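With numbering that gives the first Met the number 0 applied, the sequence shown corresponds to residues 0 to 433, in that order.
For reference, the structure is listed below as structure tokens.
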Amino acid sequence: MPYHNIKKYMKKKSASRSAFFNLRVLFGFVLSSVGVFLALMSLSIYSNSSALAAGAKQGPGAVVGASYHNDVSPALRDQPAWPVQAKQEHEANLNPLVFNDHKDSPDLVVDKGRMLSQLAPSIPAPILNFAGISFPGVGCNCAPPDTNGEVGTTQYVQMVNTGYQVFNKATGASVLGPNSIESVWAGFGGLCQTSGFGDPVVVFDQVARRWVITEFAGSSIPTDYCIAVSTTDDATGTYNRYGFHLGSNFIDYPHIAVWPDAYYVSFNIFNSSGTAYLGPQPFAFDRAKMLAGTPATFVTFPPLGGNVAPFLPADLDGRKLPTAGAPNTYVGWPSSRVYNVYHFHVDFGTPANSTFAKFATPPAAGFTQLCPGNRNCVPQLGGLPAQGQGLDGLADRLMFRVAYRKFRDHESLVGTIPFPQAAWPACAGSSSAE
0 MPYHNIKKYM KKKSASRSAF FNLRVLFGFV LSSVGVFLAL MSLSIYSNSS ALAAGAKQGP
60 GAVVGASYHN DVSPALRDQP AWPVQAKQEH EANLNPLVFN DHKDSPDLVV DKGRMLSQLA
120 PSIPAPILNF AGISFPGVGC NCAPPDTNGE VGTTQYVQMV NTGYQVFNKA TGASVLGPNS
180 IESVWAGFGG LCQTSGFGDP VVVFDQVARR WVITEFAGSS IPTDYCIAVS TTDDATGTYN
240 RYGFHLGSNF IDYPHIAVWP DAYYVSFNIF NSSGTAYLGP QPFAFDRAKM LAGTPATFVT
300 FPPLGGNVAP FLPADLDGRK LPTAGAPNTY VGWPSSRVYN VYHFHVDFGT PANSTFAKFA
360 TPPAAGFTQL CPGNRNCVPQ LGGLPAQGQG LDGLADRLMF RVAYRKFRDH ESLVGTIPFP
420 QAAWPACAGS SSAE
């Protein structure tokens, strides 16, 4: 399932659970064009202080909040076109640093230098190649552009800061756009319509055959999360739109994942000035209500603390669903040579019954972190990292997505981390390092 994504600099525009995880779990690393694939499976209840959403109620561990507004949008294909204007490119502000206790070490099991030659004969050729959103096809001119995309029933949707475009997945022809993400929120009012900060993500809920488009928003820092769920599998049609206020803290690196009982999201949380990392925070949004277009709630737990590395939720792939009632798995960036793996079980009917706890700590293979503290470090055709023309690489967190798939005899999670530059050939034609 094609996706790309480059990272994270805040931009303004200018029982069943036991059966589920007692199955055999696949662990391993596989080199991709920009990262190392890692397979794992997936929690402790934390009770640190956290900025609560407006109107949220504190339960025994769980925090509950609700959408402050929801409606149904006009069809996106009926929205006015977004005029393309060439603007001077600008660099986005770097994210505040997250916790990172990694120490470089060799992988004693995998010879990374040989992996490309071993994998290349097995990698099938692309079914279709076509150009994505053109430059200056969007008005942000942000660096990096946070590109990501998803395949649906008949369409491919790409998002960048701060635009989206819909393509016919069989031909590559443009169906709609490029247009602004804020046009998705036209008429909605509030920060989602007027103050989108970017960091957009699009996923396809293949169980319900719906598109899910997200962006964070805020008046000075991102504090709100905007989610639009399509009413059909046509990405150019109408959407159930939601605005959620998540508190007064700085929310960053939002990534949403599809699961049968909820849309699960991870954030990196900072204080309101962006100077202190408070830890990663999990959220579960009521998928059933959002598919129905009715007011929706979310359940969350406070940030895990400034000494906990970021994590990502598991995103459903394939035709086989997880066991009914199975929790979602969150996988953390390898810290202290282990992967901290968590289970999030949500109960929207009785939120106090929701749990988020550490499940396992499988060992992490050694690796060399990609250019820590640097940007523009990944070589690309015609670009020299020494001149600031390389691709951005962010190596202190897992890259979107952590893909879940259920097989006949086991379940697996596959994620990516950036691979050390010394092991790469020159990258040509790539637009991101996440």
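Even for Gly, the Cβ is constructed at its ideal location relative to N, Cα and C.
Quantities reported herein were computed from a predicted structural model and do not represent experimental measurements.
Presumed contact (8 Å Cβ cut-off) between residue i and residue j, rounded CB distance
{"i": "residue 227", "j": "residue 314", "result": "That belief does not hold up - the Cβ atoms of residue 227 and residue 314 are roughly 18 Å apart, past 8 Å."}
{"i": "residue 163", "j": "residue 157", "result": "7 Å"}
{"i": "residue 327", "j": "residue 343", "result": "5 Å"}
{"i": "residue 476", "j": "residue 389", "result": "One cannot answer for residue 476 here, as it falls past the ends of the chain, which runs 0 to 433."}
{"i": "residue 301", "j": "residue 62", "result": "7 Å"}
{"i": "residue 200", "j": "residue 253", "result": "7 Å"}
{"i": "residue 238", "j": "residue 72", "result": "5 Å"}
{"i": "residue 395", "j": "residue 362", "result": "Their Cβ separation, rounded to whole angstroms, is 19 Å, which puts residue 395 and residue 362 out of contact at 8 Å."}
{"i": "residue 341", "j": "residue 325", "result": "Actually they are not in contact, since the Cβ atoms of residue 341 and residue 325 sit about 14 Å apart, beyond 8 Å."}
{"i": "residue 312", "j": "residue 211", "result": "Going by Cβ atoms, the distance from residue 312 to residue 211 rounds to 13 Å, so no, they are not a contact pair."}
{"i": "residue 145", "j": "residue 159", "result": "6 Å"}
{"i": "residue 434", "j": "residue 196", "result": "Since the first and last residues shown for the chain are 0 and 433, residue 434 lies out of range."}
{"i": "residue 65", "j": "residue 296", "result": "5 Å"}
Burial state of residue i (16 or more Cβ within 10 Å)
{"i": "residue 283", "result": "buried"}
{"i": "residue 235", "result": "buried"}
{"i": "residue 320", "result": "exposed"}
{"i": "residue 409", "result": "exposed"}
{"i": "residue 126", "result": "exposed"}
{"i": "residue 137", "result": "buried"}
{"i": "residue 358", "result": "buried"}
{"i": "residue 152", "result": "exposed"}
{"i": "residue 416", "result": "buried"}
{"i": "residue 194", "result": "buried"}
{"i": "residue 123", "result": "exposed"}
{"i": "residue 221", "result": "buried"}
{"i": "residue 57", "result": "Summary for residue 57: the model assigns pLDDT 36, below 50, so the residue's position carries little reliability; its value from the coordinates is reported in the next sentence. Exposed: under 16 other Cβ atoms inside 10 Å."}
{"i": "residue 77", "result": "exposed"}
{"i": "residue 349", "result": "exposed"}
{"i": "residue 100", "result": "exposed"}
{"i": "residue 215", "result": "buried"}
{"i": "residue 128", "result": "exposed"}
{"i": "residue 265", "result": "buried"}
{"i": "residue 380", "result": "exposed"}
{"i": "residue 269", "result": "buried"}
{"i": "residue 318", "result": "exposed"}
{"i": "residue 229", "result": "buried"}
{"i": "residue 209", "result": "buried"}
{"i": "residue 186", "result": "exposed"}
{"i": "residue 281", "result": "buried"}
Residues near residue i in its chain [Cβ-Cβ closer than 7 Å; skip 5 each side]
{"i": "residue 207", "result": "290"}
{"i": "residue 286", "result": "260, 261 and 262"}
{"i": "residue 204", "result": "211 and 257"}
{"i": "residue 271", "result": "220, 247, 248 and 249"}
{"i": "residue 353", "result": "61, 298, 344, 345 and 346"}
{"i": "residue 365", "result": "104, 105, 106 and 107"}
CB contact below 8 Å: residue i versus chain B
{"i": "residue 276", "result": "Absent from the structure is chain B; it holds one protein chain and no more."}
For residue i, the residue or residues it bridges with in DSSP
{"i": "residue 102", "result": "Answer is none; residue 102 lacks a bridge partner."}
{"i": "residue 332", "result": "The partner list for residue 332 (beta bridge, DSSP) is empty, contrary to what the question assumes."}
{"i": "residue 160", "result": "Answer is none; residue 160 lacks a bridge partner."}
{"i": "residue 179", "result": "162"}
{"i": "residue 204", "result": "209"}
{"i": "residue 78", "result": "Looking at the DSSP assignment, residue 78 forms no beta bridge with any residue, so it has no partner."}
{"i": "residue 232", "result": "According to DSSP, residue 232 bridges with nothing at all."}
{"i": "residue 327", "result": "343"}
{"i": "residue 194", "result": "Answer is none; residue 194 lacks a bridge partner."}
{"i": "residue 256", "result": "263"}
{"i": "residue 239", "result": "71 and 228"}
{"i": "residue 147", "result": "158"}
{"i": "residue 167", "result": "154"}
{"i": "residue 219", "result": "Answer by DSSP bridge pairing: none, since residue 219 is not bridged."}
Residues of its chain near residue i, where Cβ-Cβ distance is below 6 Å and the 5 sequence neighbours each way are ignored
{"i": "residue 130", "result": "none"}
{"i": "residue 435", "result": "Past the edges of the chain, shown from 0 to 433, lies residue 435, and the structure says nothing about it."}
{"i": "residue 75", "result": "235"}
{"i": "residue 23", "result": "Residue placement at residue 23 cannot be trusted, given a pLDDT of 34 that sits under 50; what the coordinates show is reported in the next sentence. Once the five neighbours on either side are set aside, the close Cβ partners of residue 23 are 409."}
{"i": "residue 404", "result": "316, 317 and 411"}
{"i": "residue 175", "result": "76, 165 and 235"}
Contacts around residue i, its chain only, beta-carbon distance under 8 Å, and the 5 residues preceding and following it disregarded
{"i": "residue 305", "result": "98, 275, 276, 277 and 278"}
{"i": "residue 360", "result": "337, 338, 339 and 340"}
{"i": "residue 80", "result": "178"}
{"i": "residue 294", "result": "65, 66, 69 and 288"}
{"i": "residue 168", "result": "127, 150, 151, 153, 154 and 155"}
- Item | the segment 327-345 touching the segment 94-104, judged by at least three CB pairs closer than 8 Å | yes
- Message: Is it the case that the segment 177-188 contacts the segment 207-225, given that we only count it when at least three CB pairs across the two stretches are under 8 Å?
- Response: yes
- Could you say if the segment 239-246 and the segment 186-200 meet the contact criterion of at least three C-beta pairs nearer than 8 Å? yes
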